[in-house]
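Chains as they are written, first to last, in the numbering used here: chain A, 1 to 276; chain B, 1001 to 1313. All residues carry an ideal CB built from backbone N, CA and C; glycine is no exception. Values in this document were obtained by computation on a predicted structure and should not be read as measured data.
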Amino acid sequence: MARDIENLKKTANTIRQDIIKMLAESASGHPGGSLSAVEILTALYFSEMKIDPKNPGWEERDRFVLSKGHAAPVLYASLAERGYFEKSHLVTLRKIGSMLQGHPNMNDTPGVDMSTGSLGQGLSVANGMALSGKLDKKDYRVYVLLGDGEIEEGQVWEAAMTSAHYKLDNLTAFVDFNGLQIDGPVNEVMNPTPIGDKFKAFGWHVIEIDGHDFNQIFNAIDEAKNTKEKPTVIVAKTVKGKGVSFMENVASWHGTAPSKEQAEKALEELGGAING
Amino acid sequence: MANLATREAYGKALVELGKENKDVVVLDADLSKSTKTADFAKAFPDRFFNMGIAEGDMMATAAGFATCGKIPFASTFAIFASGRAFEQIRNSICYPELNVKVVATHAGLTVGEDGATHQSVEDLAIMRAIPNMTVICPCDDVETMAAIKEVAAMKGPVYIRLGRSSVPTLNNEADYKFEIGKAVTLREGKDVTIFATGIMVSEALKAADLLEKQGIDAQVINIHTIKPIDEKAVIEAAKKTGAVVTCEEHSVVGGLGSAVCEVLSEYCPVPVKRVGVMDMFGESGKPAELLKEYGLTAENIVEAAKAVVENKK
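Here is the structure:
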């Protein structure tokens, strides 16, 4: 699909609105880190990835692993918008019997490539997918989205070693560097910086960008695709709660759903309405 | 009777499997010479992945392979597989029901001189507690070879528990049929049933011989699949003999003994004694010395059998 930036911006805004609506309806979930990753997922699902919503298990497809599984709303909203399932499912998020579990479950939701939620495991899984692609000489690519707080998990660095050791140039990791985790600023809870330098030391190609700028996202993706013999990490500086003024850069919006009134206010800012 | 460690049989089975099935990939965490996956690495270097000393990463990587249609065998020592990588196995393998075979060697006390840090006497309990997980503990090399072939042919997560030391070959390779979840009666008897798993199966057979000399007719059943346990076989045997002994190179908490007691307490309560490690850590020593020290010998099984037979009266 074309890189029509104006259209992608509109899609990103729709996804933001859907995130707010579904979280308000479930009264449970994670808005902050969902909103910060909207442009990254929009770029991947609406322009970049080789996928077929009518055939979610297509063997040749590009893969996406949401390692920061609590950002499930942004994944679900993107998949629904992309046509993997009816948008009417979105409001069932986190409700009993729903196909949209609190954290992604690959066996419940069409388009989810891996069940995630316990932090620190997604990069390892993505490595397995990338290794499998190399083994089968397939040209699909594997994308994984990590949180900046998540990279405090030791397994991320075990996996980072593996990606570089096996020269997984078919793998691209994004770090959603929004600077906040549950207990507060990441650099106060457990400082992960300098993130890029750490990955570089582990043998990765590193690109640092503004994670809300589509042009920068696409340039970084292109650079990753042209980087041979090394995995690439795109450290994307983002704003937690992006797009909703009262949520932006506020740690408490990590895992708190908006009330109906707060959702109305958020949707007003995003140019939509709760029943729209 | 040949003497071969079940891990040695695993190495051989993997190489055979590798020839037959191109989807098989093998992962190890820097213990390939001990787990015997090195045999596969030599035969099929492209399909072997050494993950370094990083068991959690290995398990989740195996999960990634499985999402792409591969059949990953991920191996390390039992303590690290079930312990260190528990949560990766639970969340990234069992929850999505991925087709990963976790094959853990050096289980139980008989890892020996390395002592408590390397002895796994909790792994059956831990792995049994995870939904979707099949748990298998073969008793000899023949059963191990057969089990590896069977689990490769089935879809879904499996934990297979193997040992470090050589064990006697009990089964006949030519006609042994391994069926996941199906108990194997090795000896019929009417006074007491001895359920055993893994290396304790040969001890159970020895115990039955000793009991015979004392006028007790013991039935011996090999429970190679701890989960799903063969409920029918357990209940029928308990009904027939009215007394049960369980034997495992594992804690009496949560393993075969617990699994058997769960079934019996619901369907057929009879006197039971559990032979196993009595909720304690092991220590360094030679395998045979350790089995004796912690009460895991044929003599211990005999004592337990006599006690339950006595309790019937």
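Where DSSP assigns a beta bridge to A/Pro283, which residues make up the other side?
Limits of chain A in this structure are 1 at one end and 276 at the other, which puts residue 283 of chain A out of reach.
Give me the chain A residues within the contact set of B/Ala1062, using Cβ-Cβ distance strictly less than 8 Å, ordered along the chain.
Gly128
Output the boundary residues of the beta strand (DSSP E) element that contains B/Ala1074.
Ile1071 to Phe1077
Give the single residue among B/Ile1093, B/Tyr1095 and B/Ile1053 whose Cα lies nearest to the Cα of B/Phe1314.
Since the first and last residues shown for chain B are 1001 and 1313, residue 1314 of chain B lies out of range.
Would you kindly check if the distance between the Cβ of B/Asp1230 and the Cβ of B/Ala1153 is under 8 Å?
no
Contact residues within the stretch 1096-1117 of chain B, judged by C-beta distance below 7 Å to chain A:
Pro1096 and Glu1097
Please report the distance separating the alpha-carbon of B/Tyr1176 from that of A/Gly57.
38 Å
Ends of the beta strand (DSSP E) at B/Ala1218?
Ala1218 to Asn1222
Apart from the five residues on each side of it in sequence, which residues of its chain come closer than 7 Å, Cβ to Cβ, to A/Phe85?
Leu79 and Pro110
Note down, in chain order, each residue of its chain lying with its Cβ closer than 6 Å to the Cβ of B/Ser1284, except the 5 sequence neighbours on either side.
Glu1113 and Gly1115
Shorter than 8 Å from the beta carbon of A/Met161 to some beta carbon of chain B?
yes
Listed from N- to C-terminal order along the chain, which residues in the stretch 1081-1096 of chain B have their beta-carbon within a distance smaller than 8 Å of any beta-carbon of chain A?
Glu1087, Gln1088, Asn1091, Ser1092, Tyr1095 and Pro1096
Spell out the partners DSSP gives B/Tyr1159 in its beta bridges.
B/Val1102 and B/Val1135
So which residues on chain B does A/Met106 lean against when the C-beta distance must stay under 8 Å?
Thr1067 and Pro1096
May I have the straight-line CA-CA distance separating B/Gly1156 from B/Asn1099, to the nearest angstrom?
4 Å
Other residues of its chain near A/Val112: CB distance less than 6 Å, five sequence neighbours each side excluded
Pro104 and Met106
Mind listing the chain A neighbours of B/Ala1054? Cutoff is C-beta to C-beta under 7 Å, in chain order.
Glu158
Which residue or residues does DSSP assign as beta-bridge partners of A/Gly147?
A/Asp176
Near B/Ile1199, which residues of its chain fall below 6 Å by C-beta distance, leaving aside the five closest residues on each side in sequence?
Gly1163, Val1167 and Glu1249
Can you round the beta-carbon distance between B/Met1127 and B/Ser1082 to whole angstroms, since I take them to be within the 8 Å contact cut?
6 Å
With DSSP as the reference, label B/Thr1225 as helix, strand or coil.
strand
Quick check on the DSSP output: the alpha helix (DSSP H) that includes A/Gly102 runs from which residue to which?
Note, A/Gly102: premise wrong, no alpha helix (DSSP H); not H, not E.
Residues of the stretch 1035-1053 of chain B in Cβ contact with chain D at a cutoff of 8 Å, in chain order, please.
Note that chain D does not occur in the displayed structure, where the protein chains are A and B.
List, in chain order, every chain A residue whose beta-carbon is nearer than 7 Å to that of B/Lys1070.
Ser132
Residue burial classification, A/Tyr76 (beta-carbon count within 10 angstroms, cutoff 16):
buried
For a contact defined as C-beta to C-beta under 8 Å, what are the partners of B/Asp1030 on chain A?
Here the premise fails: no neighbours, minimum Cβ distance about 12 Å.
Could you tell me whether any Cβ in chain A is nearer than 8 Å to the Cβ of B/Asp1057?
yes
Which class does B/Cys1094 belong to by DSSP, given the choice of helix, strand or coil?
helix
So is A/Gly117 in contact with chain B if we call contact Cβ pairs under 8 Å?
yes
Kindly indicate which three-state DSSP category A/Thr232 falls into: helix, strand or coil?
strand
Considering B/Val1234, what are the terminal residues of the alpha helix (DSSP H) in which it resides?
Glu1231 to Thr1241
Determine, using beta-carbon pairs with one atom in the stretch 141-157 of chain A and one in the stretch 184-198 of chain A, whether at least three such pairs fall under 8 Å.
yes
Starting from A/Val74 and walking both ways along the alpha helix (DSSP H), at which residues does that stretch end?
Ala72 to Arg82
Close beta carbons around A/Val144, own chain, < 6 Å, minus the five adjacent residues each side
Val65, Ser67, Gly122, Leu123, Ala126 and Ala173
Determine, using beta carbons only, whether A/Ser26 comes closer than 8 Å to chain B.
no
Measuring CB to CB, does B/Ile1136 end up less than 8 Å from B/Arg1090?
no
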